[in-house]
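Residue numbers (the numbering used here), protein chains in the order written: chain A, 868 to 1082; chain B, 868 to 1082.
Beta carbons: idealized from backbone N, C-alpha and C, even for Gly.
2 protein chains.
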Amino acid sequence: MPQSYRAKFINSLSGFKSANLIGTQHLNGQSNLAIFSSVIHLGASPALVGFIMRPNNAERHTLNNIVSTEQYTINQVSKEFYRKAHQTSAHYSQEESEFVQSGLSAHYIDGVYAPFVKESRLKYALKLQDIIHIKLNNTQLIIGEISHLLCENKAIQEDGYIDIESLGTTCISGLDSYHNTTRIKRLSYAKPNKPINDLHINGTSIYSIKDGLPK
Amino acid sequence: MPQSYRAKFINSLSGFKSANLIGTQHLNGQSNLAIFSSVIHLGASPALVGFIMRPNNAERHTLNNIVSTEQYTINQVSKEFYRKAHQTSAHYSQEESEFVQSGLSAHYIDGVYAPFVKESRLKYALKLQDIIHIKLNNTQLIIGEISHLLCENKAIQEDGYIDIESLGTTCISGLDSYHNTTRIKRLSYAKPNKPINDLHINGTSIYSIKDGLPK
């Protein structure tokens, strides 16, 4: 099985993946942006999010900046700018900002050194918590805790669920396929010997979340 | 922020998640099936797939079986049976099989002790390779290497990409929302100063993959 065939094949097996841009900034002020399909929820309390760093690629600029500044942003990729997001996967030099190269805009807020993606409709900043080395294939699991959050309020439902589909958030399959979604159903919490009910999407959050994460 | 609100909220932030059923079998022959939204690609060579195990839930039956047998299956959830898949998240006792309770069917092949989900259109068996403890929130990253694979051949493209959308594979947002997908585009490998091209979906794999993973 040729290596390129194998990479595309195996990358398809885990199912659909999240599409996120990770924003960082070098201590010298140089911004950096890279697309990742491996961002994963780790826990709600504390609010921990992880992603996988491959051993040999341009994404190392991202890791170097995270290690030196201990801050980064995760920005959901929506259908309006998925092509620009994909362009950030090209191998640019340390001196080139993927913001400039991709045509996306950096957005800064007080208290967060790393840049957000202005075009992203759901984004948050993280403080580095741990880097776990996976010896089997020399990858790393980078774990951060959410410190600041920016989300369009209308997407946040009464029960806390965020309707990310309404934000145009995309997902990825394999290495290079981008997808829109269409909700089938929200389902109630499953219990033995009890039918599952459909949940409805209509409310708006009672919480107003602008740039901080409620406790 | 109430705990239930917080769980739904934070679970929405990572973006869309994969929808997979993990099949295991106790040494006494009792089968087990549980839905996970945390299955993640870790590497193509070796073919490694991971998932996150929470500290306190019914999924522990899954972990106990994986530790004792070192084998498990991952089965993509398609739209035809997403409600049955969701039902496996109910807290059943060790003596009850989620196959029976959900109405899904177990399928066994030579060389794999754990059951596959017959209804799943892309599924594979794994050999346990490592369990990494994440101290920050007492979760575990379970890592396996793919040993056997069952996939409808027509979904496998000439370049190795598997068109999982054509298999009706679903994705999940938050804790309980199931989604179909619609491909926007496959995009070419990004390079600096070069426009991204669209890739087309039409071919069929030159590889015939029935129950083993080519090297």
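Three-state secondary structure (DSSP) of residue i
{"i": "residue 915/A", "result": "strand"}
{"i": "residue 935/B", "result": "helix"}
{"i": "residue 903/A", "result": "strand"}
{"i": "residue 871/B", "result": "helix"}
{"i": "residue 1083/A", "result": "Given a span of 868 to 1082 for chain A in the structure shown, any question on residue 1083/A remains unanswerable."}
{"i": "residue 1067/B", "result": "coil"}
{"i": "residue 908/A", "result": "strand"}
{"i": "residue 929/A", "result": "helix"}
{"i": "residue 839/A", "result": "Absent from the model: residue 839/A. The displayed extent of chain A is 868 to 1082, so no value can be given."}
{"i": "residue 953/A", "result": "helix"}
{"i": "residue 892/A", "result": "strand"}
{"i": "residue 898/A", "result": "strand"}
{"i": "residue 920/B", "result": "strand"}
{"i": "residue 1060/A", "result": "coil"}
Proximity winner among the options, relative to residue i (alpha-carbon distances)
{"i": "residue 919/B", "options": "1019/A, 906/A and 985/A", "result": "906/A"}
{"i": "residue 1003/A", "options": "1004/B, 996/B, 1007/B and 1067/B", "result": "996/B"}
{"i": "residue 932/A", "options": "1033/A, 917/A and 890/A", "result": "890/A"}
{"i": "residue 1083/B", "options": "921/B, 1031/B and 1062/B", "result": "Outside the displayed span of chain B (868 to 1082) sits residue 1083/B, for which this structure offers no information."}
{"i": "residue 1006/A", "options": "972/B, 914/B, 940/B and 893/B", "result": "914/B"}
{"i": "residue 908/A", "options": "880/B, 892/B and 909/B", "result": "880/B"}
{"i": "residue 1060/B", "options": "970/A, 994/A, 1012/A and 1057/A", "result": "970/A"}
{"i": "residue 912/B", "options": "1013/B, 927/B and 939/B", "result": "1013/B"}
{"i": "residue 934/B", "options": "965/B, 1034/B, 947/B and 981/B", "result": "981/B"}
{"i": "residue 940/B", "options": "895/B, 989/B and 894/B", "result": "989/B"}
{"i": "residue 938/A", "options": "1064/A, 1010/A, 1028/A and 1058/A", "result": "1010/A"}
{"i": "residue 870/B", "options": "894/A, 888/A, 1033/A and 910/A", "result": "910/A"}
{"i": "residue 998/A", "options": "1068/A, 917/A, 964/A and 892/A", "result": "917/A"}
Residues near residue i in its chain [Cβ-Cβ closer than 8 Å; skip 5 each side]
{"i": "residue 886/A", "result": "902, 904, 943, 944, 949, 952, 1036, 1037, 1038, 1039 and 1045"}
{"i": "residue 962/B", "result": "897"}
{"i": "residue 883/A", "result": "1038, 1039, 1040 and 1046"}
{"i": "residue 968/A", "result": "954, 955, 957 and 959"}
{"i": "residue 868/A", "result": "876"}
{"i": "residue 1064/B", "result": "1054 and 1055"}
{"i": "residue 1073/B", "result": "For residue 1073/B, the pLDDT reaches just 49, beneath the cut-off of 50, and the residue's location in the model is therefore unreliable, although a value from the coordinates is still provided. For residue 1073/B, where only same-chain residues beyond five positions count, the Cβ hits under 8 Å are 1025."}
{"i": "residue 983/B", "result": "890, 940, 942, 973, 974, 975, 976, 990, 992 and 1017"}
{"i": "residue 994/B", "result": "937, 938, 1011, 1012 and 1014"}
{"i": "residue 1076/B", "result": "Note on residue 1076/B: pLDDT 49, under 50, position unreliable in the model; the coordinate value appears next. Cβ within range, chain order: 1016, 1018, 1020 and 1023."}
7 Å Cβ shell around residue i - same chain, five flanking residues per side excluded
{"i": "residue 1066/A", "result": "1053, 1054 and 1055"}
{"i": "residue 811/A", "result": "Nothing about residue 811/A can be reported from this structure: the residues present for chain A run from 868 to 1082 only."}
{"i": "residue 922/B", "result": "1005 and 1006"}
{"i": "residue 986/A", "result": "947, 948, 971 and 972"}
{"i": "residue 1033/B", "result": "1022"}
{"i": "residue 1057/B", "result": "1063"}
{"i": "residue 1001/B", "result": "1007 and 1008"}
Chain C contact for residue i (CB, 8 Å cutoff)
{"i": "residue 1032/B", "result": "Here the protein chains are A and B, and chain C is not one of them."}
Neighbour-count burial assignment, residue i, 16 or more Cβ in a 10 Å radius
{"i": "residue 1008/B", "result": "buried"}
{"i": "residue 1019/A", "result": "exposed"}
{"i": "residue 900/B", "result": "buried"}
{"i": "residue 1048/A", "result": "buried"}
{"i": "residue 928/A", "result": "buried"}
{"i": "residue 1025/A", "result": "exposed"}
{"i": "residue 894/B", "result": "exposed"}
{"i": "residue 1028/B", "result": "buried"}
Cβ-heavy atom distance, residue i to the ligand ZN, below 7 Å
{"i": "residue 932/B", "result": "The ligand content of the structure shown is nil, which means the ligand ZN is not present either."}
Contact set for residue i: own chain, Cβ-Cβ below 6 Å, skip 5 residues either direction
{"i": "residue 840/B", "result": "This structure gives no information on residue 840/B, because the portion of chain B shown stretches from 868 to 1082."}
{"i": "residue 966/B", "result": "898, 900 and 973"}
{"i": "residue 936/A", "result": "980"}
{"i": "residue 964/B", "result": "898"}
{"i": "residue 1050/A", "result": "1032"}
Checklist line | Runs of alpha helix (DSSP H) wholly within the stretch 981-1055 of chain B (minimum 4 residues, chain order) | finding: none
Item checked: Length-filtered (4 minimum) alpha helix (DSSP H) runs lying within the stretch 954-978 of chain A -> 965-969
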